[in-house]
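Protein chains in written order, with this note's numbering: chain A, 501 to 616; chain H, 83 to 198.
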């Protein structure tokens with residue numbers, strides 16, 4: 501089974517509007533971490549936000565927030581007040597532990613286009 | 083600022099030659115570094131985990147004799163693509179983690195390899 505699933509290959513959003521990028525995950529490890537990264541066309545991976553499996557509140561970092569629904573195993577990224585510079589690929593990632601060894605898994609990504 | 087430095091950012095080589103990519107942690111010691119490969123418009127695929135002072139751990143399907151990893155110091159890991167072929171052309175990106183297992187991965191800027 502896929503560890504991380506991003507079902508939206510591409511998304512469009514109007515500048516200044518909010519957008520939600522979907523992410524579901526699968527793990528049997530009770531202690532895991534969820535991460536979102538942004539990858540502009542230049543290629544670098546930029547860390548955006550983190551949510552721990554035991555965190556009671558949804559993570560927020562400026563215009564980014566994470567809608568964490570543990571029972572549904574979803575960790576959607578919400579970007580508020582979209583800006584043209586938000587146009588990029590977005591990857592959801594999960595860290596869990598297998599055989600006492602941490603591994604990171606990445607989803608297939610969502611390409612976000614912000615329209616002026 | 084960047085915490086992981088990767089060099090070169092791009093390289094073109096002839097088929098049959100070898101190429102070395104360096105990944106350095108800046109201002110911190112990284113006992114573990116991760117090497118990823120990314121095909122165009124696809125996700126990051128973990129190739130191997132580089133361990134300082136010991137052998138790298140390769141993911142299933144990754145040829146260890148083709149992709150040589152050396153982690154000789156706490157701040158430097160190298161990936162050598164040996165006897166490169168056109169199918170090895172890809173975007174290679176390294177990462178390291180600072181702190182606990184819930185810390186995010188910090189990525190280098192990646193190396194775009196083109197084998198002609």
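Idealized CB from N, CA, C, for every residue including glycine.
Identify whether residue i lies in helix, strand or coil by the three-state DSSP scheme.
i	result
residue 596 (chain A)	strand
residue 143 (chain H)	coil
residue 585 (chain A)	helix
residue 169 (chain H)	helix
residue 545 (chain A)	coil
residue 523 (chain A)	coil
residue 110 (chain H)	coil
residue 121 (chain H)	coil
residue 196 (chain H)	strand
residue 556 (chain A)	coil
residue 615 (chain A)	strand
residue 132 (chain H)	strand
residue 85 (chain H)	coil
residue 532 (chain A)	coil
residue 507 (chain A)	coil
residue 156 (chain H)	coil
residue 97 (chain H)	coil
residue 575 (chain A)	strand
residue 570 (chain A)	coil
Could you give the distance in angstroms between the alpha-carbon of residue i and the alpha-carbon of residue j?
i	j	result
residue 162 (chain H)	residue 616 (chain A)	43 Å
residue 160 (chain H)	residue 189 (chain H)	14 Å
residue 609 (chain A)	residue 181 (chain H)	26 Å
residue 120 (chain H)	residue 126 (chain H)	5 Å
residue 147 (chain H)	residue 507 (chain A)	35 Å
residue 562 (chain A)	residue 164 (chain H)	44 Å
residue 123 (chain H)	residue 521 (chain A)	17 Å
residue 145 (chain H)	residue 577 (chain A)	35 Å
residue 550 (chain A)	residue 192 (chain H)	22 Å
residue 613 (chain A)	residue 583 (chain A)	10 Å
residue 540 (chain A)	residue 115 (chain H)	22 Å
residue 140 (chain H)	residue 512 (chain A)	37 Å
residue 117 (chain H)	residue 602 (chain A)	14 Å
residue 102 (chain H)	residue 195 (chain H)	10 Å
residue 45 (chain H)	residue 86 (chain H)	This structure does not reach residue 45 (chain H), given that chain H is present from 83 up to 198, and the question cannot be answered.
Please classify residue i as buried or exposed, where buried requires at least 16 other C-beta atoms within 10 Å of its C-beta.
i	result
residue 569 (chain A)	exposed
residue 586 (chain A)	buried
residue 156 (chain H)	exposed
residue 135 (chain H)	exposed
residue 174 (chain H)	buried
residue 167 (chain H)	exposed
residue 132 (chain H)	buried
residue 591 (chain A)	buried
residue 149 (chain H)	buried
residue 607 (chain A)	buried
Tell me, which residues are paired with residue i by DSSP?
i	result
residue 561 (chain A)	A:564
residue 185 (chain H)	According to DSSP, which records beta bridges pairwise, residue 185 (chain H) is partnered with nothing at all.
residue 161 (chain H)	H:103 and H:151
residue 178 (chain H)	H:115 and H:188
Is there contact here, the stretch 95–112 of chain H with the stretch 522–536 of chain A, by at least three beta-carbon pairs under 8 Å?
-> no
If you pair each beta-carbon of the stretch 102–115 of chain H with each one of the stretch 141–158 of chain H, do three or more pairs fall below 8 Å?
-> Contact between the stretch 102–115 of chain H and the stretch 141–158 of chain H is present: three or more C-beta pairs spanning the two stretches fall below 8 Å.
Three CB pairs or more closer than 8 Å across the stretch 552–559 of chain A and the stretch 85–96 of chain H | no
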